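So this note's numbering is basically just the index in the sequence shown, starting at one, shifted up by 481.
Notes follow the structure.
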Amino acid sequence: MPPSTPSSYPQPQPATIGYKRNPNAGRGRLNNHRPPHRNFVLPHSHRRGTGCWGYATAPSACLPDGAPSHLPIHSAARIPGRFHLRDTMLDIASRRAALTRLGALSLGAALTLNGCSSEPGERKAFIEFLQTRVLNTQRAAVPKLNEQQRKAFGAYAAHYDIITAFNQEMNEAPLTRMMTALQNTRTLPQLIAKRTQVNELLAHLPQAQQEVQARLDRANAAKKALTQPDDLRVVYDAAFDKLVTQLAALMLQLLPATQGMLAATMELVTYVEQNPKEVSFVGSNVQATTQASLDKVNVLLKKLETEAAAVAKMETALRKLAG
482 MPPSTPSSYP QPQPATIGYK RNPNAGRGRL NNHRPPHRNF VLPHSHRRGT GCWGYATAPS
542 ACLPDGAPSH LPIHSAARIP GRFHLRDTML DIASRRAALT RLGALSLGAA LTLNGCSSEP
602 GERKAFIEFL QTRVLNTQRA AVPKLNEQQR KAFGAYAAHY DIITAFNQEM NEAPLTRMMT
662 ALQNTRTLPQ LIAKRTQVNE LLAHLPQAQQ EVQARLDRAN AAKKALTQPD DLRVVYDAAF
722 DKLVTQLAAL MLQLLPATQG MLAATMELVT YVEQNPKEVS FVGSNVQATT QASLDKVNVL
782 LKKLETEAAA VAKMETALRK LAG
């Protein structure tokens, strides 16, 4: 399965500045012993575990191509004399050869038809596999076919290859590697230490969205080219929707949300770094020393929380699909 982000994350409370009443002065002053701070822990990403691209075709036809519509019969010219018997024998031999070729052709057609008689059994086995291993499970697992199953499914194994190829490409995409590199990043200081990887991921996310859409388009085109009996088409469409369509739809929503969350995170990090005298990190906390810096931090954190909530929503749906 493609990389995902956790569905839950700490809900920080609004940062505040502490005030203490001075009975002598009669008015409030800043309490320097209780610096304002803001707790925030970044949601981390982790990989859950969705090649070559297989375009499938329908089972081969049962009738051979190019069957002749007439018998090629050689006719020798009839001339009087000693050549008459020889020409007659040639004519008989030619007819015999033609009948032999016709017999061979009929035998080949019979063998072809006999071979196609396995299609109902192959289709039944493939339908049972899709129902029991894909549709009747809560998880969106993509089981691999072994050689015995490929033999049992016949030409229909190539139909399943469309689904497995899509998921394999999702797993092998550069996005998976980038998200894995950041899966243990949970705090802002940790994120600062991996700024290079974060910027690399941010730059790649728009391209990753295009790649997911392209993979989905290829899978849909390959599926559209299939010729399937009605009973198989109903089951196959449901399996394709679960393992390809729904997964792609979630990823196309998750990637923009992740981009927004990371962009908001880097905006907060940049502000803290540019104002070291007013704002600083203390562990996983953001500490502000002035009301102005506190207000700015609260605005940036609010934006970050909104983006993170969108990611969490997509993650919940993705985990529900993955099981």
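Here a beta-carbon is modelled for each residue, glycine too, at the ideal position from N, C-alpha and C.
No experiment lies behind these values; they were computed from the predicted model shown.
query: Chain C contact for Thr746 (CB, 7 Å cutoff); result: Although the question refers to chain C, the structure presented lacks it and comprises just one protein chain.
query: Closest Cα partner of Val716 within the set Phe610, Glu600, Ala803, Thr666; result: Phe610
query: Any 3 or more C-beta pairs closer than 8 Å across the stretch 608-628 and the stretch 656-668; result: no
query: Chain-order list of residues whose beta-carbon lies under 8 Å from that of Leu731 (same chain, five-residue window excluded); result: Met795, Ala798, Leu799, Leu802
query: Rounded C-alpha distance that separates Glu786 from Gly602; result: 55 Å
query: From Leu686, Ala638, Ala621, Arg620, residue whose alpha carbon lies closest to that of Glu628; result: Ala638
query: Ser599 versus Leu656 - alpha carbon distance; result: 43 Å
query: First and last residue of the uninterrupted alpha helix (DSSP H) at Ala648; result: A quick correction: the sequence has Asn, not Ala, at residue 648. Element bounds for Asn648: 638-653.
query: At least 3 beta-carbon pairs within less than 8 Å: the stretch 697-704 vs the stretch 772-784; result: no
query: Helix, strand or coil at Ala769 according to DSSP, with G and I counted as helix; result: strand
query: Exposure label - Gln688; buried when at least 16 CB within 10 Å; result: exposed
query: Cβ neighbours of Gly562 in the same chain (closer than 7 Å, five flanking residues each side left out); result: Because the pLDDT at Gly562 is just 38, under 50, the model does not fix this residue reliably, and the value given afterwards should be weighed accordingly. So the list is empty, once near-sequence residues are dropped.
query: Three-way DSSP call (helix, strand, coil) for Leu623 in this model; result: The sequence given here has Val at residue 623, not Leu. The answer is coil: DSSP assigns Val623 none of H, G, I, E or B.
query: First and last residue of the uninterrupted alpha helix (DSSP H) at Val750; result: 727-755
query: Beta-carbon proximity list for Met742, same chain, < 6 Å, skipping 5 on both sides; result: Glu788, Ala789, Val792
query: Buried versus exposed, by CB contacts within 10 Å (16 or more), Glu748; result: exposed
query: Cβ shell of Leu733 (< 7 Å), same chain only, five flanking positions each side left out; result: Gln690, Val693, Gln694
query: Cβ neighbours of Gly635 in the same chain (closer than 6 Å, five flanking residues each side left out); result: Glu603
query: Backbone secondary structure at Arg577 - three-state DSSP; result: Bear in mind that a pLDDT of 44 at Arg577, under 50, signals an unreliable position, so the number given afterwards is only what the model happens to contain. Reduced to three states, the DSSP call for Arg577 is helix.
query: Within 7 Å, strictly: CB atoms of Gln768 and Ser761; result: yes
query: 7 Å CB neighbourhood of Asn756 in its chain, flanking five on each side removed; result: Ser774
query: Beta-ladder partner(s) of Val715, from DSSP; result: In the DSSP output, where bridge partners are listed per residue, Val715 has none listed.
query: Of the listed residues Arg676, Leu728, Ala633, nearest to Thr746 (C-alpha basis); result: Arg676
query: Rounded distance between the beta-carbons of Val615 and Leu724, thought under 8 Å; result: 7 Å
query: Simplified DSSP assignment, three categories, for Ser774; result: helix
query: One or two residues paired with Ser761 in a DSSP bridge; result: Gln768
query: Helix, strand or coil at Asn461 [DSSP, three-state]; result: With the chain covering 482 to 804 only, the question about residue 461 has no answer from this structure.
query: Through-space distance from Asn766 to Leu713, alpha-carbon basis; result: 57 Å
query: Sequence-distant residues of its chain with Cβ nearer than 8 Å to Gln678 (five each side left out); result: Met659, Ala662, Leu663
query: As assigned by DSSP and simplified to three states, the class of Arg604; result: helix
query: Three-state secondary structure (DSSP) of Pro710; result: coil
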